[in-house]
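> Going down the list, the protein sequences come from chains A and B. If you read the first sequence in the working numbering, its first letter stands for residue 1, the second for the next number, and so on. If you read the second sequence in the working numbering, its first letter stands for residue 1001, the second for the next number, and so on.
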Amino acid sequence: DTAVSQTPKYLVTQMGNDKSIKCEQNLGHDTMYWYKQDSKKFLKIMFSYNNKELIINETVPNRFSPKSPDKAHLNLHINSLELGDSAVYFCASSQPGSYNEQFFGPGTRLTVL
Amino acid sequence: AQTVTQSQPEMSVQEAETVTLSCTYDTSESDYYLFWYKQPPSRQMILVIRQEAYKQQNATENRFSVNFQKAAKSFSLKISDSQLGDAAMYFCAYRSAVGYGGSQGNLIFGKGTKLSVKP
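#1: Among residues of its own chain, excluding the 5 on either side of PHE1075 of chain B, which ones have a beta-carbon nearer than 7 Å to its beta-carbon?
#2: In chain order, what residues of the same chain have a beta carbon less than 6 Å from the beta carbon of GLY1101 of chain B, not counting five sequence neighbours either side?
#3: Considering only DSSP beta bridges, list what PHE1064 of chain B is partnered with.
#4: Put LEU76 of chain A into one of helix, strand or coil per three-state DSSP.
#5: Please report how far the alpha carbon of LYS1078 of chain B lies from the alpha carbon of VAL1019 of chain B, in whole angstroms.
#6: Under 9 Å, do ILE21 of chain A and GLY1105 of chain B count as touching if we go by C-beta distance?
#7: Quick one: what's got a C-beta closer than 6 Å to PRO76 of chain A's C-beta in the same chain, skipping five residues either side?
#8: Along chain A, which residues have their Cβ under 8 Å away from the Cβ of LYS1111 of chain B?
#9: Under a CB-based cut-off of 9 Å, is LEU1077 of chain B close to chain A?
#10: Would you be able to state if there are at least three C-beta pairs under 8 Å between the stretch 100-109 of chain A and the stretch 1044-1058 of chain B?
#11: Is the beta carbon of ASP38 of chain A sitting closer than 9 Å to the one on SER80 of chain A?
#12: Tell me, please, whether the stretch 82-97 of chain A touches the stretch 1078-1088 of chain B by the rule of three or more beta-carbon pairs shorter than 8 Å.
#13: Using the three-state DSSP reduction, which class does ASP70 of chain A fall into: helix, strand or coil?
#14: Is LEU43 of chain A helix, strand or coil when you go by DSSP?
#15: Please check the pair TYR1094 of chain B and THR1005 of chain B, which I expect to be a contact at CB under 8 Å, by giving their CB distance rounded to whole angstroms.
#16: Residues of chain A with a CB under 7 Å from the CB of ASN1106 of chain B: which are they?
#17: Given a threshold of 16 other Cβ atoms within 10 Å of its Cβ, counted over all protein chains shown, does SER48 of chain A qualify as buried or as exposed?
#18: Check whether chain B comes within 9 Å of VAL60 of chain A, counting only Cβ atoms and requiring the distance to be less than that.
#19: Rounded to the nearest angstrom, what separates LYS1055 of chain B and THR13 of chain A at their Cα positions?
#20: If we define contact as Cβ-Cβ less than 9 Å, is MET1089 of chain B a contact residue for chain A?
#21: Do THR1113 of chain B and PRO1009 of chain B have their C-beta atoms closer together than 9 Å?
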């Protein structure tokens, strides 16, 4: 069973379009995250959700809107896509505990043309 | 704000040899966690090893071990008996032990070190 899954794994779209990336975790974790990995492989937090409440928004443009219909899902919706949005987007989840290890999804490679 | 620095963009090691990847971090916190993640070409992020700041003993996971120097804010990864499958990007990451409203904080990553393994 896949612990953290993302769909789609690849997404190619035109500038100006609106797209969504879905994330689901079957680990029963309380907290989910979205990270962006740019073309230089740098990973940076975008959002964090704890029990469906946003707790971190690291200066992400408001064209990006996370939506959490329930504890197991955290979707990322992006409006008016720009060339600079091309990146790999990772979803992750974790549970309170000593390490709070984050489990990552396989990533979604978004290409904006 | 916390920062993580990996000063080696690329490293190379001969198969069966040992290699050490460097990581330094900056924080004013006394309690935190440190991690090394591996990202092979498949791009899946895989946790290699983790260390709690309050533990003096260095973490070890099979061929992987760390040298944690809290005073120096250094957290290097040693890979022994390197294998071809070890070739990947390696990311050092920091996480505060203090979350928000009881939840966990996000990971702060270094820029990564690309490790090549020569047969």
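Cβ coordinates follow ideal geometry from the N, Cα and C atoms, glycine included.
Short version:
#1: For the purposes of this step, residue 1075 of chain B is taken as the residue at position 75 of the second sequence. So the list reads CYS1023, TYR1025, LEU1034, GLN1051, VAL1066, PHE1068, CYS1092, once near-sequence residues are dropped.
#2: By 1-based counting over the second sequence, the position of residue 1101 of chain B is 101. Annotation note: pLDDT 43 at GLY1101 of chain B (below 50); position unreliable, no value reported.
#3: For the purposes of this step, residue 1064 of chain B is taken as residue 64 along the second sequence, with counting starting at 1. According to DSSP, PHE1064 of chain B bridges with B:GLU1061, B:ILE1079.
#4: Counting from one through the first sequence, the residue named residue 76 of chain A turns up at place 76. Of the three classes helix, strand and coil, the one that applies to LEU76 of chain A here is strand, per DSSP.
#5: On the second sequence, position 78 is the one that residue 1078 of chain B refers to. On the second sequence, position 19 is the one that residue 1019 of chain B refers to. C-alpha separation (whole angstroms): 6 Å.
#6: Position 21 of the first sequence, counted from the first residue, corresponds to residue 21 of chain A. Position 105 of the second sequence, counted from the first residue, corresponds to residue 1105 of chain B. Result no, Cβ atoms of ILE21 of chain A and GLY1105 of chain B do not sit closer than 9 Å.
#7: For the purposes of this step, residue 76 of chain A is identified with residue 76 of the first sequence, where counting begins at 1. In the sequence on display, residue 76 of chain A carries Leu and not Pro. Contacts found: ILE21, TRP34, PRO66.
#8: Locating residue 1111 of chain B in the second sequence gives position 111, counting from the first residue. The answer, in chain order, is LYS40, LYS41, PHE42.
#9: Here residue 1077 of chain B refers to the residue found at position 77 when the second sequence is read from its first residue. Answer no: the Cβ-Cβ gap between LEU1077 of chain B and chain A never drops below 9 Å.
#10: yes
#11: Reading the first sequence from its first residue, position 38 is the one you call residue 38 of chain A. Reading the first sequence from its first residue, position 80 is the one you call residue 80 of chain A. No, they are not a contact pair.
#12: no
#13: The count along the first sequence starts at 1 and reaches residue 70 of chain A at position 70. In the structure shown, ASP70 of chain A sits in a strand (DSSP, three-state: E or B).
#14: Against the first sequence, residue 43 of chain A aligns to sequence position 43. Looking at LEU43 of chain A - three-state DSSP - the assignment turns out to be strand.
#15: Translated into the one-based positions of the second sequence, residue 1094 of chain B becomes position 94. Translated into the one-based positions of the second sequence, residue 1005 of chain B becomes position 5. With a Cβ gap of about 10 Å, TYR1094 of chain B and THR1005 of chain B do not count as contacting.
#16: In the second sequence, counting from the first residue as 1, residue 1106 of chain B sits at position 106. Here the neighbours are TYR33, ILE45, SER48, ILE56.
#17: Residue mapping note: residue 48 of chain A aligns to position 48 of the first sequence, counting from 1. So SER48 of chain A counts as buried.
#18: On the first sequence, position 60 is the one that residue 60 of chain A refers to. Cβ-Cβ to chain B under 9 Å: no for VAL60 of chain A.
#19: For the purposes of this step, residue 1055 of chain B is taken as the residue at position 55 of the second sequence. For the purposes of this step, residue 13 of chain A is taken as the residue at position 13 of the first sequence. Near 47 Å, if we compare the C-alpha coordinates of THR13 of chain A and LYS1055 of chain B.
#20: Counting from 1 along the second sequence, the entry for residue 1089 of chain B is found at position 89. For MET1089 of chain B, the answer is yes, since a Cβ of chain A falls inside 9 Å of its Cβ.
#21: For the purposes of this step, residue 1113 of chain B is identified with residue 113 of the second sequence, where counting begins at 1. For the purposes of this step, residue 1009 of chain B is identified with residue 9 of the second sequence, where counting begins at 1. Yes, they are a contact pair.
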